[in-house]
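Since the structure comes first, as structure tokens, the remarks are kept for the end.
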Ligand SMILES: Cc1ncc(C[n+]2csc(CCOP(=O)(O)OP(=O)(O)O)c2C)c(N)n1
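Protein chains in written order, with the numbering used here: chain B, 10 to 165; chain S, 2 to 591.
See below:
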């Protein structure tokens with residue numbers, strides 16, 4: 010299935026997030042990630058939703074349903090050619106430093122903490138796929154815990 | 002100035018005359034203030050659900066008139082608010098603007114599971130157009146004005162304002178001011194697009210002129226934008242037949258030569274067959290719901306679709322269209338009518354074909370209507386409705402409940418008065434009729450109002466007889482008693498081999514009930530008495546109740562099964578394999 014991203018600008022009013030999540034449940038959309046932050050303008054938030062959907066009609070319908078909320082100022086689909094989609098992962102790994110260091114340069118990660126020799130806490134930023142390959146290459150069996158922010162996106 | 006005063010003042014400024022409701026701890030300050038002000042006609046319902054339907058009655062009956070009014074209902078917190086929910090969800094499904102005001106526990110104890118606290122916003126959010134909870138007296142006025150704006154702008158819908166008790170009593174600060182006259186809500190994201198764009202209009206006109214087998218659809222949006230007369234003119238100008246959705250009924254005279262009657266599950270053969278064979282659907286203010294389309298894969302396979310609709314999220318939702326006109330129906334028709342390119346076409350072959358469709362069931366229906374009784378000698382609903390239509394010349398206001406009698410009233414009353422049909426459609430809420438008729442009567446006092454129910458739905462809000470008695474409202478009540486939940490029974494007859502699970506029902510002596518509420522009552526079980534009883538109700542000043550003992554085995558046809566397509570339309574009653582499993586008319590022992 011295709012991954013799609015929808016960027017929404019909305020008034021920062023109580024209950025808006027509730028409405029969006031209820032819509033997702035009610036209409037049974039296949040949402041992967043949902044992130045919210047404040048925008049450049051005070052009182053207006055921006056939300057990035059990513060979901061798995063091949064059916065264009067369904068994506069259009071989601072956008073129309075979002076736009077129907079009085080709090081939503083605009084909603085539109087972003088495609089990968091014309092926008093950046095990025096996320097951040099924080100990973101706790103049990104792995105030896107030399108192994109990690111072999112990825113330096115190829116991947117953009119930062120060691121936040123190193124405890125008791127082999128326990129590392131890393132921060133990796135980038136496109137979802139890029140983070141996935143990094144983790145694959147390092148070896149997912151070494152992961153003790155992982156936190157990912159979900160995707161946020163910006164148009165070019 | 003206090004929150005409660007500002008709230009009531011804002012209601013007044015929005016033209017509110019009637020407040021329907023039920024008091025309780027968390028709303029007492031507003032009730033008290035309302036009583037002191039003396040500016041409103043308060044109607045106490047006997048259950049909060051009734052108050053929501055009464056409010057709907059006012060809005061539905063008046064909004065497209067010269068004296069529009071929004072129905073308002075008001076209840077206490079917790080159970081009071083929860084009892085409103087069904088009526089709110091119903092208004093949401095049918096795009097009816099109402100404003101519901103619920104008291105809430107004081108802000109200091111919110112989220113502590115205080116006595117009669119419930120998460121009203123959380124419950125109502127998915128079943129209404131917008132919710133508000135003002136947290137300071139200063140927020141009250143702006144909230145109410147915005148609520149009325151949102152309720153009525155674009156596609157209508159219900160609004161819930163949940164107002165904590167301390168906010169009702171709170172005084173505004175001395176610097177507070179509010180300019181009602183120049184108030185415009187700040188809603189940068191509120192999308193409302195009433196004016197049609199040129200390009201889609203041009204393409205629509207081209208398609209209409211080119212079409213050999215077009216059909217017009219008249220939906221709720223035609224009523225809401227008061228465009229019935231325009232649609233009629235348009236249909237006559239281009240010579241295209243019109244099919245109605247359930248909510249489009251009464252937009253223009255039902256017996257207009259171009260009218261095909263209602264479409265969909267229990268629509269007429271002529272409407273449904275015409276749609277099946279059409280090459281173009283031109284739909285105004287409707288949403289192609291499943292009761293209208295049947296199985297989508299088989300729906301109007303030869304037709305292009307022009308969809309005129311105020312709510313953009315309805316366009317391409319169920320049925321993909323070739324031309325989308327996201328605009329107000331009235332403005333669109335107005336522009337279309339002024340366009341010199343539109344041409345009249347005789348479409349002789351098309352109308353000949355449609356005349357054929359009209360004959361498919363005509364004979365059967367005429368026989369039933371003229372006979373007036375079923376095989377067991379009991380009355381037929383369709384015949385009663387037909388008689389009512391004749392005696393009132395199709396001019397009265399009809400408020401059906403939900404079920405078989407509703408479909409009979411949709412099909413066999415000859416609507417002549419614009420906006421004279423008020424039904425719970427999208428939600429199909431049994432019990433809607435009696436309270437909704439109360440609101441309709443208050444909004445249109447000069448017209449005769451008929452509440453028509455089955456024995457099931459009537460007993461869902463039977464307590465509102467108390468409201469009718471107290472308000473001395475001239476509502477004519479027709480109870481079509483077939484001793485069963487008739488509509489469900491029909492499904493059981495057709496699709497469950499005649500096993501009548503949970504549909505036979507015993508009823509009380511309705512005559513004694515009517516008497517207890519001081520409402521004149523007459524029971525009719527002979528066909529020759531139908532007309533005289535109806536005439537008696539017409540002549541009687543004030544409320545009156547007629548109970549007709551009906552044939553439980555009557556069916557409403559045609560019918561498109563709920564998982565079927567238009568090709569599966571049932572037009573003939575299936576031969577009964579065995580006698581009915583339960584005795585008919587259990588509820589008639591009175
Ligand atoms: C509140 C509610 N509960 C259940 C239903 C399902 N339902 C639809 S029609 C119907 C039967 C209605 O029976 P009655 O009121 O006697 O009217 P009739 O069909 O006999 O005319 C039922 C149970 C409903 N629409 N609303």
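C-beta atoms are modelled at their ideal positions from N, C-alpha and C, and glycine is treated no differently.
In this structure residue 367/S is exposed. Its beta-carbon is surrounded by fewer than 16 other beta-carbon atoms within 10 angstroms. Taking C-beta atoms as the reference points, residue 307/S and residue 324/S count as a pair closer than 7 Å. The secondary-structure analysis by DSSP pairs residue 19/S across a beta bridge with 42/S. Residue pairing from DSSP places residue 94/B in a beta bridge opposite 162/B.
Placement of the Cβ of residue 488/S at a distance of less than 6 Å from at least one heavy atom of ligand 1 is found. Distances from the CB of residue 430/S to the heavy atoms of ligand 1 include at least one below 6 Å. Per DSSP, reduced to three states, the secondary structure at residue 450/S is strand.
Using a Cβ-Cβ cut-off of 7 Å, residue 151/S is close to 79 of chain B, given in chain order. Shown here for residue 381/S: same chain residues with a beta carbon closer than 8 Å to its own, the five before and five after excluded, namely 369, 370, 372, 373, 374, 375, 551, 552, 555 in chain order.
Of the heavy atoms belonging to ligand 1, none sits nearer than 6 Å to the Cβ of residue 568/S. Residues 21, 22, 52, 53, 56, 101 of the same chain have their beta carbon placed closer than 6 Å to that of residue 74/S, with the five preceding and five following residues left out of the count. Chain-order list of chain S residues neighbouring residue 76/B: 190, 192, 313, 314, by C-beta distance under 9 Å.
Checking the DSSP bridge columns, you'll see residue 150/S has no partner listed.
Taking 4 residues as the minimum length, the alpha helix (DSSP H) runs contained wholly in the stretch 183-266 of chain S are 199-211, 221-225, 229-239, in order along the chain. At least one heavy atom of ligand 1 is found less than 6 Å from the C-beta of residue 456/S. Scanning its chain for C-beta atoms nearer than 8 Å, with the 5 sequence neighbours on each side dropped, one finds around residue 347/S the residues 240, in chain order.
For the stretch 12-33 of chain B, residues whose beta-carbon sits nearer than 9 Å to a beta-carbon of chain S comprise 18, 19, 20, 23, 24, 27, 28, 31, 32. Counting other Cβ atoms within 10 Å of its Cβ, residue 96/B reaches 16 or more and is therefore classed as buried. Distance from the C-beta of residue 97/B to the nearest heavy atom of ligand 1 is not below 6 Å.
Legend: CB atoms of the stretch 117-129 of chain S lying less than 9 Å from CB atoms of chain B belong to residues 122, 123, 126, 127. Look at the beta carbons and you see the stretch 11-27 of chain B touching the stretch 52-62 of chain B: at least three pairs across the two are nearer than 8 Å. If you ignore the 5 residues before and after residue 9/S, its C-beta comes within less than 8 Å of the C-beta of 31, 34, 35, 38, 40, 41, all in its own chain and listed in chain order. If you compare the alpha carbons of 338/S, 159/S, 180/S, 267/S with that of residue 232/S, the shortest gap goes to 338/S. Among the CB atoms of chain S, one or more fall inside 7 Å of the CB of residue 82/B. Residue 46/B counts as exposed, since fewer than 16 other C-beta atoms from the protein chains shown sit within 10 angstroms of its C-beta.
Contact check for residue 469/S against residue 453/S fails: the beta carbons are separated by 7 Å or more. For residue 102/S, the three-state secondary structure derived from DSSP is strand.
In the displayed model, residue 103/B falls within a strand according to three-state DSSP.
Residue 406/S has its Cβ nearer than 6 Å to a heavy atom of ligand 1.
In the three-state reduction of the DSSP assignment, residue 359/S falls in the helix class, which pools H, G and I. DSSP places residue 417/S outside both helix and strand once states are collapsed to three, so it counts as coil.
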